[in-house]
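Numbering (my numbering), first residue to last: 29 to 586. Note that the Cβ used here is the ideal one computed from N, Cα and C, for glycine as well. Notes to accompany the following structure.
Here is the structure:
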């Protein structure tokens with residue numbers, strides 16, 4: 029049987045608008061997937077729905093589809109997307125109306141059942157992460173476009189693969205292979221050189237979007253259309269595999285994929301073969317993402333220029349402390365970023381930034397009273413006083429948390445293109461998640477001369493967020509570098525290099541097949557990205573910070 033060619037045209041809500049057309053015209057495809065949902069996106073869509081009950085889906089998808097629906101139909105390319113967000117039925121109806129207006133005879137189906145908001149009072153949006161078998165049912169029934177709400181990102185690939193190859197729910201190895209393919213594709217150009225540690229290895233000015241040639245046994249080849257920018261190699265695929273994962277067991281609603289079994293090999297220019305993936309029964313529970321409004325947030329960024337930076341910061345903190353003491357916010361955080369340089373050639377490079385962030389359930393506490401106190405210092409504080417932008421009245425912020433419900437507590441329904449509603453059964457067999465046996469480490473490198481140098485000279489990294497936690501995947505580019513990295517970069521060494529993590533739980537997972545370590549830092553992001561807990565609220569650059577830290581590295585590796 030020929031491989032199923034599945035491409036991606038969106039990695040987030042706001043991705044490149046012309047990617048759908050680029051993928052449809054760039055080469056052969058069977059299915060195109062678009063991933064629009066993230067924890068923050070669900071909060072944004074929830075706020076949209078408060079204003080308009082008919083909203084709650086990614087409107088940009090409709091604009092993309094208006095230009096390309098006819099083209100997709102002509103080329104017999106199925107489109108599967110989670111752009112339905114909080115309202116998949118509403119988006120499906122909007123696509124039907126669009127198709128009617130364009131005169132394109134497409135069959136539109138959707139999947140529902142993920143919305144559990146009514147069961148969680150006080151939440152703005154509470155949605156279970158569904159698997160791919162609802163998508164599979166819609167496609168088997170003849171749908172050309174399938175709209176979902178909150179499914180796992182990988183389900184956009186496992187569903188079409190299960191439909192095409194006729195996989196049964198118990199074919200775990202095949203499903204796990206498709207989960208890995210889906211995880212590589214889900215973030216679009218992150219698999220083709222985007223956001224890549226060694227971006228200088230290719231031309232990444234405008235990377236093309238990825239696709240996977242999936243085979244009946246669940247193996248695949250990750251590639252991209254000929255002539256598009258970026259590049260695909262073992263490193264780019266490794267980086268994306270480590271993104272927003274944790275240990276060796278990568279659990280999903282349909283299957284638990286064993287990331288420690290993945291084997292990657294270069295299969296030619298811009299082609300990486302992914303094989304050997306083993307799967308296990310899924311866990312008995314589904315993850316439910318809860319988004320709620322956490323209160324109000326305000327910030328002031330003071331610019332400190334030239335000499336006496338620490339003294340200037342101390343002065344303004346003392347002055348603002350008097351205002352904060354009158355009506356203390358529930359949360360107050362000061363952060364001094366020493367971006368200044370001595371004897372600088374520009375004013376900007378002579379300046380440091382002092383950020384004050386306050387949070388409180390009452391908008392008035394963090395609103396005009398605080399803003400006024402900051403502005404009143406304009407002529408009465410440190411020399412050179414100014415702020416990056418005038419402080420506002422305080423804006424609402426969100427809080428994300430995840431809870432778990434039994435698989436059979438969620439009524440997933442495939443709503444076929446003809447309107448027939450088909451229940452999707454939960455998995456028959458499940459297995460509780462446990463840690464895998466710790467794999468043996470490679471033989472350490474023999475002792476030899478070392479040089480103080482950045483970790484990033486011998487290792488790549490990619491980091492991301494999962495609720496309030498962050499993960500940092502680190503991989504070595506050579507066997508010898510792996511022998512050193514596996515012994516040197518322990519959880520304790522990680523804490524030394526990343527001071528923010530020193531008082532937090534840090535868990536290290538070892539993935540020898542990928543020559544990789546994956547660190548999970550619990551709680552470093554507070555209540556999640558929408559809470560804006562830290563300077564980099566999604567931990568996107570945490571891995572690059574780690575790579576910039578200096579260690580004693582064997583000279584043989586440099």
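- Query: With DSSP run on the structure shown, which of helix, strand or coil describes residue 146?
  - Reply: Helix, per DSSP.
Count Cβ pairs between the stretch 201-220 and the stretch 295-311 that sit closer than 8 Å; are there 3 or more? Yes, since at least three Cβ pairs between the stretch 201-220 and the stretch 295-311 fall closer than 8 Å, the two stretches touch.
_For residue 295, which residues in the same chain have their Cβ closer than 7 Å to its Cβ, ignoring the five residues on either side in sequence?_
Excluding residues within five positions, the ones whose Cβ falls inside 7 Å are 249 and 301.
Next on the checklist: Any contact between the stretch 503-517 and the stretch 558-572? By contact I mean 3 or more CB pairs, one from each, below 8 Å.
Outcome noted: At 8 Å Cβ cutoff, the stretches do not touch.
Can you look up residue 49 in the DSSP assignment and give me helix, strand or coil? Residue 49 sits in a helix when the DSSP states are folded into three classes.
Thinking just about the alpha-carbon of each residue, which of 540, 199 and 92 is nearest to the one in residue 458? Nearest of 540, 199 and 92 to residue 458, Cα basis: 199.
Exercise for the section: With a 10 Å radius around its C-beta and 16 neighbouring C-beta atoms as the bar for buried, classify residue 147 as buried or exposed. Expected result: Per the 10 Å Cβ criterion, exposed.
Checklist line | Simplified DSSP assignment, three categories, for residue 101 | finding: Three-state DSSP puts residue 101 in a helix.
Taking C-alpha atoms, which residue in 35, 50, 91 and 316 lies nearest to residue 41? Closest by alpha carbon: 91.
What's the C-alpha gap between residue 391 and residue 421? Distance from the CA of residue 391 to the CA of residue 421, rounded to the nearest whole angstrom, comes to 8 Å.
Going by the DSSP bridge assignment, what does residue 211 pair with across the sheet? Residue pairing for residue 211: DSSP places it in no beta bridge.
Practice task
Give me the Cα-Cα distance between residue 500 and residue 275, rounded to the nearest whole angstrom.
Solution key: Whole-angstrom Cα-Cα distance: 11 Å.
When 224, 244, 81 and 491 are compared against residue 273, the one with the closest alpha-carbon:
That would be 491, whose Cα lies nearest to the Cα of residue 273.
| said: For a minimum of 4 consecutive residues, which ranges assigned as the alpha helix (DSSP H) are wholly contained in the stretch 144-197? | reply: Correct list: 161-168 and 183-193.
Next item on the list: Can you say whether residue 29 is buried or exposed, counting buried as having 16 or more other CB atoms within 10 angstroms of its CB?
Entry: Residue 29 should be labelled exposed.
Practice prompt. In the DSSP assignment, find the alpha helix (DSSP H) that holds residue 337 and state where it starts and stops.
Written response: Here the alpha helix (DSSP H) through residue 337 covers 337-354.
### Range of the contiguous alpha helix (DSSP H) that encloses residue 519
Here the alpha helix (DSSP H) through residue 519 covers 519-525.
**OP:** Compare the Cα-Cα distances from residue 577 to each of 543, 524 and 583 and report the closest residue.
**Re:** Relative to residue 577, the option among 543, 524 and 583 whose CA is nearest is 524.
Any idea if residue 363 is buried or exposed, counting beta-carbon neighbours within 10 angstroms, 16 or more meaning buried?
Residue 363 comes out exposed.
DSSP three-state call for residue 367: helix, strand or coil?
-> DSSP places residue 367 in coil when its eight states are reduced to three.
On the three-state DSSP scale, how would you describe residue 313? DSSP places residue 313 in the strand class (E or B) of the three-state scheme.
Note to self: Below 8 Å, how does it come out for the stretch 340-358 and the stretch 400-418: are there three or more Cβ pairs, yes or no?
What the structure shows: Below 8 Å, enough C-beta pairs join the stretch 340-358 and the stretch 400-418 to call them touching: three or more.
Taking DSSP as the reference, what is the three-state secondary structure of residue 121? DSSP places residue 121 in helix when its eight states are reduced to three.
From the DSSP secondary-structure annotation, give me the bridge partner or partners of residue 382. Answer is 330 and 364.
Those runs of the alpha helix (DSSP H) which lie wholly inside the stretch 390-425 and span at least 4 residues: Taken in chain order, the complete alpha helix (DSSP H) segments of 4 or more residues contained in the stretch 390-425 are 391-394 and 396-403.
So, are the CB atoms of residue 160 and residue 177 less than 7 Å apart? It is not a contact, given that the beta carbons lie outside the stated cut-off.
Would you list the one or two residues that DSSP bridges to residue 307? Its beta-bridge partners are 285.
*Give me the Cα-Cα distance between residue 179 and residue 89, rounded to the nearest whole angstrom.*
The alpha-carbon atoms of residue 179 and residue 89 are separated by roughly 17 Å.
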